[in-house]
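Undergrad: Using this note's numbering, read the sequence shown as starting at 2 and increasing by one per residue.
Positions of the beta carbon are idealized from the N, C-alpha and C atoms, including for glycine.
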Amino acid sequence: MKFKYISLLVVAMGMFIGGCKEKTEVFEDPYKGGRDPLGIVVNKEQIPVPAAGQAGTIVKIAATGLEKHKDSLRFMFNGEFAEVVKVDATGIEAKVPNRASSGVTAFVVNQQIVF
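(1) Please tell me whether A56 and V97 are closer than 8 Å, where the distance is taken between their beta carbons.
(2) If you compare alpha carbons, which of V42, N79 and E46 is closest to K69?
(3) Among P49, K45, V115 and S102, which one has its Cα closest to the Cα of L67?
(4) For A95, does the three-state DSSP call read helix, strand or coil?
(5) Compute the Euclidean distance between the alpha carbons of V85 and T25, then round it to the nearest angstrom.
(6) From the DSSP output, in three-state form, read off L10 for me.
(7) Taking the CB atoms as reference points, tell me whether I48 and E94 lie closer together than 8 Å.
(8) Going by DSSP, what residue range makes up the beta strand (DSSP E) through E85?
(9) I need the boundaries of the beta strand (DSSP E) containing A64, first residue and last residue.
(10) Short of 8 Å in beta carbon distance, which residues of its chain neighbour Q113, apart from the five on each side in sequence? Order them along the chain.
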């Protein structure tokens, strides 16, 4: 019995001493070489106007920073791409697509998604 406890103590001490090595690993920056931020800011407190509607309804979403991406901007309703009707300094107007449902809206600019 005494041998059992001494053996466990030796094993525990070995694990404790072996685990106390201070080896600092430096990893490379995972964001290095990433794309610059798009500068699109969506007012999350602003409810889309109108808040509900059928397919074909034109919805206004308040956002800033969209004008400089006007040519490459796409808009999605819950993963379904919508027709962009108008983009200005105050936001975007998009037509609700036929297969859209309630859910998340997002902007897509050059394969970057902004929620």
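TA: This is what the structure holds:
(1) yes
(2) V42
(3) V115
(4) strand
(5) 51 Å
(6) helix
(7) no
(8) Here residue 85 turns out to be Val, not Glu, going by the sequence shown. Counting along the chain, the beta strand (DSSP E) containing V85 begins and ends at E81 to D89.
(9) I59 to T65
(10) R36 and L39
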